[in-house]
Amino acid sequence: MLTLRLGRQVKFRMQEKKRLYYLEDNHELRETTSDWMSLHLPDTVHLMSFERLGELKEANRSCAASYIIADLNLPDADPEQVLKFLRNEVHASVPVLIFCGDRHQLSLLNQQSRFQILTKGASVDEFMQQLNLLIAPLNTDKTYQKNA
Numbered sequence: 092m093l094t095l096r097l098g099r100q101v102k103f104r105m106q107e108k109k110r111l112y113y114l115e116d117n118h119e120l121r122e123t124t125s126d127w128m129s130l131h132l133p134d135t136v137h138l139m140s141f142e143r144l145g146e147l148k149e150a151n152r153s154c155a156a157s158y159i160i161a162d163l164n165l166p167d168a169d170p171e172q173v174l175k176f177l178r179n180e181v182h183a184s185v186p187v188l189i190f191c192g193d194r195h196q197l198s199l200l201n202q203q204s205r206f207q208i209l210t211k212g213a214s215v216d217e218f219m220q221q222l223n224l225l226i227a228p229l230n231t232d233k234t235y236q237k238n239a
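Numbered per the working numbering, the sequence shown finishes at 239, counting up by one with no gaps.
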């Protein structure tokens with residue numbers, strides 16, 4: 092929370108937005124998912140998407156992520172490099188959701204118990220359930236609801 096004083100009489104609080112960093116190299120998937128998440132995330136979350144691990148690293152050094160959603164297959168990094176970054180350069184309190192697509196990645200991830208895992212090809216409902224779990228600490232009532 093930021094507290095601002097304007098003159099002597101005005102005092103108000105602004106809630107700092109949480110930063111959700113989304114790492115996905117597939118442009119179409121990244122744009123579609125980002126647009127869709129923007130519609131369903133609380134107003135207190137600012138979504139930023141990245142195509143390369145280097146971009147995410149730079150952003151995280153500049154302003155640490157509150158949450159991260161990451162693909163493991165990237166043009167500038169292999170899955171082991173992505174996991175190394177998430178383990179060593181992201182604070183342990185930052186919730187991380189990882190998309191994985193093959194058995195080798197799943198075996199790597201089984202050793203990383205602090206990460207949430209979602210296999211590629213999961214339904215929108217499964218994705219949104221994981222997203223809601225990721226942002227649950229916001230204590231917000233704006234969660235994705237499946238249309239009945």
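C-beta atoms are modelled at their ideal positions from N, C-alpha and C, and glycine is treated no differently.
Values in this document were obtained by computation on a predicted structure and should not be read as measured data.
Own chain residues within Cβ distance below 8 angstroms of residue i, not counting five before or after
{"i": "V185", "result": "A155, A156, S157, Y158 and I159"}
{"i": "H137", "result": "K108, K109, R110 and L111"}
{"i": "Q207", "result": "P186, V187, L188, I189, Q221, L224 and L225"}
{"i": "E217", "result": "L209"}
Limits of the unbroken beta strand (DSSP E) element including residue i
{"i": "L111", "result": "K109 to L114"}
{"i": "F141", "result": "V136 to F141"}
Exposed unless 16 or more other CB atoms sit within 10 angstroms - verdict on residue i
{"i": "S214", "result": "exposed"}
{"i": "L120", "result": "exposed"}
{"i": "T123", "result": "exposed"}
{"i": "A227", "result": "exposed"}
For residue i, the first and last residue of its enclosing alpha helix (DSSP H)
{"i": "T124", "result": "H118 to H131"}
Residue i beta carbon near the ligand FAD (any heavy atom closer than 7 angstroms)
{"i": "A155", "result": "Looking at this structure, you won't find the ligand FAD or any other ligand, since it has none at all."}
Nearest candidate by alpha-carbon position, reference residue i, set the options
{"i": "P58", "options": "V173, R143 and E107", "result": "Here the chain comprises residues numbered 92 to 239, so residue 58 is not present and cannot be evaluated."}
{"i": "R205", "options": "F218, I189 and P170", "result": "I189"}
Sequence-distant residues of its chain with Cβ nearer than 7 angstroms to residue i (five each side left out)
{"i": "L147", "result": "Y112, L114 and F141"}
{"i": "P166", "result": "D116 and R143"}
{"i": "A168", "result": "L144"}
Sequence-distant residues of its chain with Cβ nearer than 6 angstroms to residue i (five each side left out)
{"i": "L224", "result": "none"}
Quick one: any contact between the segment 127-147 and the segment 106-117, if contact means 3 or more CB pairs under 8 angstroms? A contact exists between the segment 127-147 and the segment 106-117.
Using 8 angstroms as the threshold, is the segment 171-183 in touch with the segment 135-152, meaning 3 or more CB pairs across them? Short answer: they touch.
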